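Quick notes on the structure that follows.
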């Protein structure tokens with residue numbers, strides 16, 4: 001599956017569904033972003049069950065601000081509508097695959113329970 005362009009118009013709809021969404025916050029002028037793009041694309045082809053989305057931080061400045069993106073690329077993992085990982089920096093392919101495995105292995109009932117405990 002190719003990557004999906006995420007905008008303010010479709011971000012909540014795409015990331016709010018059940019399943020895993022990996023988001024790459026990037027910009028055209030960003031060298032590390034350009035080097036990471038083929039890694040992200042290859043991973044999207046290996047994992048057709050995962051949505052791979054890209055946010056152009058120049059075109060979608062409101063999304064960059066909403067998630068306090070200060071450095072790009074920033075990789076965000078969302079599972080079942082919950083942000084479970086967000087970190088700046090391009091990941092090597094092995095690290096991206098490891099991140100996917102960890103997100104797939106999460107017990108989302110436990111994650112939601114811990115989130116609820118932190119909100120009280």
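Numbering (full-length UniProt numbering), first residue to last: 1 to 120.
Each residue gets a CB set at the ideal place from its N, CA and C atoms; glycine is no exception.
It should be emphasised that the depicted structure is a prediction, and the values quoted were computed from it without experimental measurement.
If you follow the beta strand (DSSP E) that residue 69 is part of, which residue opens it and which one closes it? First-last for residue 69: undefined, no H or E at that position.
Where DSSP assigns a beta bridge to residue 76, which residues make up the other side? Assignment of beta-bridge partners to residue 76 by DSSP yields 23, 86.
Please state if the CB of residue 51 and the CB of residue 14 are separated by a distance shorter than 8 Å. Yes, Cβ-Cβ distance for residue 14 and residue 51 is below 8 Å.
In its own chain, which residues sit with a C-beta less than 8 Å from the C-beta of residue 92, not counting the 5 before and 5 after it? Only residues of its own chain outside the window of five on either side were considered, and among them 39 have a CB closer than 8 Å to the CB of residue 92, listed in chain order.
Looking only at C-alpha atoms, which of 111, 22, 69 sits nearest to residue 41? Of 111, 22, 69, the residue nearest in Cα terms is 22.
Using the three-state DSSP reduction, which class does residue 5 fall into: helix, strand or coil? Three-state result, residue 5: strand.
With distances taken Cα to Cα, identify the nearest neighbour of residue 115 among 81, 100, 89, 96. It is 81.
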